[in-house]
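Quick notes on the structure that follows.
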Amino acid sequence: MPFRKILFWSHLVAGLAAGLVVLMLAVTGVLLTYEAQITQWTENRYDVSAPGTLPLPADELAAIARAETDGKATALTFENDPAAAVKATSGREGKIFLDPYSGAVLGEGTAGLEGFFGTVTTLHRWLSLSGPNETGGAITGAANLVFGFLLLSGAYLWLPRLWKWGMLKTRLLFRRDYPNAKARDFAWHHVFAAWAALPLFVIILSGVVLSYDWAGKMLFTAYGEEMRRSDGPGGGFGGGLGRGRGHGQREGDHDDHGTEQATGGATGAAGVGLQAILETAAGHDAGWNWITLTLPQDAHAADVSVRVDTGTGKQLTRQETLTISQQSGEVTAVSTFSDRSPATKARMWMRFVHTGEFYGLIGQTIAGLASLASVFMVYTGLALSWRRLVQPLFRRRQSV
28 MPFRKILFWS HLVAGLAAGL VVLMLAVTGV LLTYEAQITQ WTENRYDVSA
78 PGTLPLPADE LAAIARAETD GKATALTFEN DPAAAVKATS GREGKIFLDP
128 YSGAVLGEGT AGLEGFFGTV TTLHRWLSLS GPNETGGAIT GAANLVFGFL
178 LLSGAYLWLP RLWKWGMLKT RLLFRRDYPN AKARDFAWHH VFAAWAALPL
228 FVIILSGVVL SYDWAGKMLF TAYGEEMRRS DGPGGGFGGG LGRGRGHGQR
278 EGDHDDHGTE QATGGATGAA GVGLQAILET AAGHDAGWNW ITLTLPQDAH
328 AADVSVRVDT GTGKQLTRQE TLTISQQSGE VTAVSTFSDR SPATKARMWM
378 RFVHTGEFYG LIGQTIAGLA SLASVFMVYT GLALSWRRLV QPLFRRRQSV
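So my numbering is basically just the index in the sequence shown, starting at one, shifted up by 27.
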């Protein structure tokens, strides 16, 4: 049997086996494309009391946040917009929004929207509506691997037997009309695959690396480093297909706007306040969009950690973590994405290129369109398989 025919049937059988799961991953990936922007837009709809007047000092807002959260608040996030609320976070899950001028609690976010995205993410990661599921995670991870085979085998099958423009055109461009549904599905399957192949390859490859320990270890070994337990799939970055966050948790030190664990100490009698630290961070880069100020937890620590974000909130190269002295109010250290080890940078790149967020809105759009193309690829592939394998059986029964 010719190699091309063997590959074709392998492609068809693999597509039938994993098609529905890949379709689910693609659809949920599309739904999660602009999760960050939609969430930020809803958070910005809180009406603050008197934008334009002097806001409350960061120290007072921190005290209010702690009081309202029973001391659980770990960070304050300020947006570079006088009409925006201040977000107080308690670890990764809890958050409240404060009026920066009155200190009043404006809300806890949009529960319905967060519930929707949470459900879609859980479905995308674990094929579940109720939470993490090891079996579901194994299925989605395997489906992502199969999709990788489908993409590579499909790339070979896509190549026309005759390299003429007339043949290439049918596999690269859409037509306004097709003689029948079969011809349309065949053409669409090839056209969507051609235009989405490169971003899908990156999405699938990153999903494999973020889903499996062996793939992560291979990445670190390639850079001559040893992967720590916290770098593995369960340690923080997430995997899977499309826009979603995959099969693990979020990247270890990256919250909605990059909140880190609190490391600073309470302001000493001769030291500066949180407001002075906030002003130092704002002056570090005038183009900041968000500043996440870690609330001091240790009364004896000398420094406060502050993240300055000039991007969308998920672009690691647009973030700097400042260490600011509580005694002098001066920046004593600056940490950026480029300061990490090569393997760690590659691992973090995999996490956020998987969703496109590493490259901002453009990257997210490309990832979302690639996931949408996957929806059509799976649909047309299943439709073609139905016509090839199932419809002939009905015809035979009718002719008997």
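For every residue, glycine included, the Cβ atom is placed at its ideal position computed from N, Cα and C.
At a Cβ-Cβ threshold of 7 Å, Thr344 and Ser332 do not count as neighbours.
For Phe124, the enclosing beta strand (DSSP E) covers residues 121-125.
The C-alpha of Lys196 is placed about 37 Å away from the C-alpha of Gln342.
The beta carbon of Ser157 lies closer than 8 Å to those of Thr149 in the same chain, with the five residues before and after it left out. Spatial neighbours of Ala309 in its own chain (CB-CB distance under 7 Å, excluding positions within 5 residues in sequence) are listed in chain order as Trp315, Ile318.
The beta-carbon separation of Ala92 and Leu125, rounded to 6 Å, stays under the 8 Å limit for a contact. Rounded to the nearest whole angstrom, the CA to CA distance from Asp312 to Gly390 is 24 Å. Counting the other Cβ atoms within 10 Å of the Cβ of Leu186 gives fewer than 16, which makes it exposed. Counting along the chain, Lys372 sits inside the alpha helix (DSSP H) bounded by residues 369-380. Secondary structure in the segment 298-345: the beta strand (DSSP E) runs of 3 residues or longer, each lying completely within the stretch, are 317-321, 330-336 in chain order. In terms of CA proximity to Pro369, Glu253 leads the group Glu253, Phe421, Gly300.
In the structure shown, Thr350 adopts extended strand secondary structure according to DSSP, grouped into three states. For Thr55, the secondary structure class from DSSP, reduced to helix, strand or coil, is helix. For Ala111, there is no enclosing beta strand (DSSP E), as DSSP marks it with neither H nor E.
A distance below 7 Å separates the beta carbons of Val405 and Gly46. Assignment of beta-bridge partners to Val361 by DSSP yields Leu349. Between the alpha carbons of Trp241 and Gly383 lies a distance of about 23 Å. Val132 sits in a strand when the DSSP states are folded into three classes. The distance from the Cβ of Met377 to that of Leu199 is about 29 Å, inconsistent with a contact at the 8 Å cut-off.
For Pro226, the secondary structure class from DSSP, reduced to helix, strand or coil, is helix. Within the same chain, Cβ atoms closer than 6 Å to the Cβ of Pro226 are found at Ile393, Ala397, the five residues on either side in sequence being excluded. With respect to Leu43, Ser362 sits apart: the two C-beta atoms are not nearer than 7 Å.
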